[in-house]
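Here's the structure, in structure tokens; my notes come after.
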Amino acid sequence: MTVTPTTLPGGTWTSGGFTVTKFGYGAMQLAGPGVMGPPADHDGAVAVLREAVDLGITHIDTSAAYGPFVTNQLIREALHPYPDGLHIVTKVGANRDAQGGWPPARKPDELRRQVEENLETLGLDVLDLVNLRLGDAAGPVAGSIAEAFETLAGLQQQGRIRHLGMSNATAEQVAEAQQIAPIVCVQNMYNLAHRHDDELIDRLARENIAYVPFFPLGGFSPLQSSVLSAVATRLNPPPMAVALAWLLQRSPNILLFPGTWSVADLWENLVGAAITLSASDLAALDGIAV
Ligand SMILES: NC(=O)c1ccc[n+]([C@@H]2O[C@H](COP(=O)([O-])OP(=O)(O)OC[C@H]3O[C@@H](n4cnc5c(N)ncnc54)[C@H](OP(=O)(O)O)[C@@H]3O)[C@@H](O)[C@H]2O)c1
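Read in order, the letters of the sequence shown correspond to residues 4 to 293 in the working numbering.
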């Protein structure tokens with residue numbers, strides 16, 4: 004099978020001058036256990052990153068907080084000098100503590116430091132897209148984001164960042180950010196079983212803003228559903244790939260960036276996500292959400 008950016012599942016997406024393949028790759032779990040420290044298999048991590056780019060994927064998601072610095076350093080080692088058209092998406096807004104926690108770090112000087120850390124560890128002069136990560140591990144937390152987002156908008160004006168996005172954000176926080184500067188994406192938790200953002204996705208689709216679901220396969224608790232397994236058994240791709248196909252068909256503004264350690268799973272996801280689900284399959288899968 005020959006794969007190019009235009010034949011990857013979903014083709015490409017453009018928003019505010021930012022163009023990526025809808026099928027991307029999320030690098031978070033390439034760090035050690037708990038997203039701390041070096042990878043268990045350094046060469047395997049480098050290999051899967053190179054395979055992703057060889058397959059035509061132009062969207063890789065990372066953060067200096069992963070490791071910390073581990074996934075950025077792996078990406079740099081595997082892919083620098085970066086091929087034209089590859090977009091490495093980062094996020095700022097949290098530190099790591101000695102216990103592996105993610106304490107918020109959203110004061111202006113903390114955000115500026117994280118942007119510089121991402122630039123340095125990735126070996127870049129400008130970050131393509133920076134998401135302001137809000138909330139905590141339990142999800143979004145309401146509250147004004149003005150000071151933090153204005154800081155990122157200032158860094159954008161200074162040429163350190165090309166595009167801005169939001170992560171783990173409420174719909175109100177997304178709207179507040181849009182009053183300050185244009186955003187090209189929102190990266191929130193969403194998958195077949197967790198559909199709190201249905202309304203937000205539809206609104207962003209009308210505004211041509213990408214919605215990038217993190218934990219598209221359930222993250223650290225992979226999706227498990229007898230309905231998903233039954234649809235997958237009938238259609239042949241494995242359940243994880245069917246879950247990705249469902250996301251692609253859920254809305255045209257949804258981008259995928261499933262994580263995997265395995266080149267075989269990367270291929271499986273990529274081939275399987277391209278299947279077209281019938282109306283009855285979609286209805287069955289829609290019924291999974293709690
Ligand atoms: N903005 C935020 O706050 C935030 C939070 C969390 C994550 N993220 C981003 O979201 C990205 C994706 O999240 P994630 O990687 O944690 O979760 P995920 O994509 O939902 O799931 C990854 C898990 O699914 C497994 N998997 C993948 N393909 C599979 C297949 N075909 N068959 C069976 N298992 C399969 C992987 O195992 P194998 O390695 O064995 O394939 C891995 O354990 C991250 O890389 C990160 O960049 C952002």
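Think of the CB as a built atom: it goes at the ideal place given N, C-alpha and C, for glycine as much as any other residue.
Since we're looking at a predicted model, the values are computed, not measured.
Uninterrupted alpha helix (DSSP H) stretches at least 4 residues long and entirely within the region 4-88 occur at 45-57 and 73-82, given in chain order. Put simply, of 229, 259 and 109 the residue whose alpha carbon is nearest the alpha carbon of residue 15 is 259. Ligand 1 has a heavy atom closer than 8 Å to the beta-carbon of residue 244. Contact annotation, residue 271 with residue 241: C-beta distance approximately 6 Å; criterion of less than 8 Å satisfied. Partner residues in the beta bridge of residue 214, as assigned by DSSP, are 189 and 257. For residue 131, the enclosing beta strand (DSSP E) stretches over residues 130-136. Of the other Cβ atoms in all chains shown, fewer than 16 fall within 10 Å of the Cβ of residue 229; this residue is therefore exposed.
The beta carbon of residue 99 lies closer than 6 Å to those of 68 and 71 in the same chain, with the five residues before and after it left out. At least one heavy atom of ligand 1 sits closer than 8 Å to the Cβ of residue 218. In this chain, the alpha helix (DSSP H) harbouring residue 183 covers 174-183.
In the DSSP annotation of this structure, the continuous segment of the beta strand (DSSP E) that includes residue 91 starts and ends at 90-95. Distances from the CA of residue 90 to each of 221, 118, 133 and 109 were compared; the closest alpha carbon is that of 133.
Beta-carbon to beta-carbon, residue 214 and residue 257 are separated by about 5 Å, close enough to satisfy the 8 Å threshold.
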